[in-house]
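These notes concern the structure reproduced below.
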Amino acid sequence: MRKVIVSIAFLIFFISCKQEKKESSESVVEKIEMRESEWEILFDGTSLDKWKEFQNDAVGDVWKIEGDVLIYTPPSEGEEKKNHDLVTRDEYTDFVLSLDWKISEAGNSGVFWGVNEDAKYGTGYQTGPEVQILDNDKHPDAKAGTTHQAGALYDMVSPAEDVTKPIGEWNTMVITVNHKVNMGNVILNGTEMVTFPVQGEEWDAMVADSKFAGWDGFGKFTTGKIGLQDHGNIVAFRNIKIKQL
């Protein structure tokens, strides 16, 4: 009789553990799904519905989707030359932005935040601080100082090191902008590149010591659009997503 009781107790314990393990697994899956649902997909390889050109409600032919990749190709010689910065339709304040980029040989581009489309501004970089995208080896801007190299807060904070992949390979970049704690951060290919304030006296001092000193509107907009730069060189993006903080 005692053996029967022990066996029944063991069976109940086994079933209970199995159920707890199942519930635990389901809980983990739910948490992962919840975390994933916090991300807003800005570009999934199929549509540019969440984007437009700067001060233009459409997207020009210079931006094309090929496969799951968004590619900017500059106009051919003889075609009208104008800026084709791409910006989000929505505005963001505090966020984590994640994307992959691939630059052409000797190419230059960048990612902006805090972009304002007032008619008095001609391009995204007049208001939006930029995280640099660059061929560090062959673009002349890399020789202008480390604050112009890939992963830098352009012309203000130098990247910790050069971790860019060879031309033709993808780089993964994560940009955090959080006004609540006055912190900006850039991680490139898993390495922290720069950390910086995004407002206040320290920010103002960085701007005053850069090419943007005295620029009306630069870095002034806490809430603004995310931008992808047209710098006249071929550049590709994919897997663009954002999570608001």
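Each residue of the sequence shown is one higher than the one before, counting from 1 in UniProt numbering.
Glycine included, C-beta positions come from ideal geometry on N, C-alpha and C.
These numbers come from a predicted model, not from an experiment.
Proximity below 9 Å, CB of residue i to CB of residue j
i	j	result
Glu192	Ala142	no
Thr88	Trp63	no
Val163	Asn189	yes
Thr172	Leu245	no
Glu130	Tyr92	no
Trp113	Leu97	yes
Gly122	His231	no
Asp100	Phe237	yes
Val174	Ile187	yes
Asp68	Gly45	yes
Gln229	Val111	yes
Residue i: first and last residue of the uninterrupted beta strand (DSSP E) it sits in
i	result
Val207	Careful: Val207 lies outside any beta strand (DSSP E), inside the alpha helix (DSSP H) at Gly200 to Ala208.
Glu130	Glu130 to Leu134
Gly114	Asn108 to Val115
Val87	Leu86 to Thr88
Leu48	From DSSP, Leu48 is part of no beta strand (DSSP E); its letter is neither H nor E.
Gln244	Val235 to Gln244
Gly217	Taken as a continuous stretch (DSSP letters only), Gly217 belongs to no beta strand (DSSP E), as it is neither H nor E.
Glu66	Trp63 to Glu66
Trp101	Phe95 to Ile103
Lys225	Lys225 to Leu228
Tyr72	Val69 to Tyr72
Glu40	Glu40 to Phe43
Local Cβ density within 10 Å of residue i, reported as buried at 16 or more and exposed below that
i	result
Asn136	buried
Ser104	buried
Thr223	exposed
Ser47	exposed
Lys31	Low per-residue confidence applies at Lys31: pLDDT is 44, beneath 50, and the placement is therefore not dependable, though the value from the model is reported in the following sentence. By the neighbour-count rule (16 or more Cβ atoms within 10 Å), Lys31 is not buried but exposed.
Gly145	exposed
Ile226	buried
Lys102	buried
Glu53	buried
Gly200	exposed
Ile242	buried
Gly124	buried
Whole-angstrom C-beta distance between residue j and residue i, which should lie under 8 Å
i	j	result
Gly184	Val198	5 Å
Val194	Gly128	Contact flag wrong, Cβ pair sits at about 16 Å.
Val157	Phe196	5 Å
Asn116	Phe221	5 Å
His179	Asp90	Going by Cβ atoms, the distance from His179 to Asp90 rounds to 17 Å, so no, they are not a contact pair.
Asn233	Ser109	6 Å
His148	Gln126	In fact, because the Cβ distance is near 18 Å, the residues do not count as touching under 8 Å.
Check: residue i C-beta below 8 Å from any heavy atom of the ligand SAM
i	result
Ile226	This structure simply doesn't include the ligand SAM, nor any ligand for that matter.
Ignoring anything shorter than 3 residues or poking outside the segment 141-206, list the beta strand (DSSP E) runs there in chain order.
For secondary structure counted as the beta strand (DSSP E) over 3 or more consecutive residues, the segment 141-206 holds these complete runs in sequence order: 171-178, 183-188 and 191-196.
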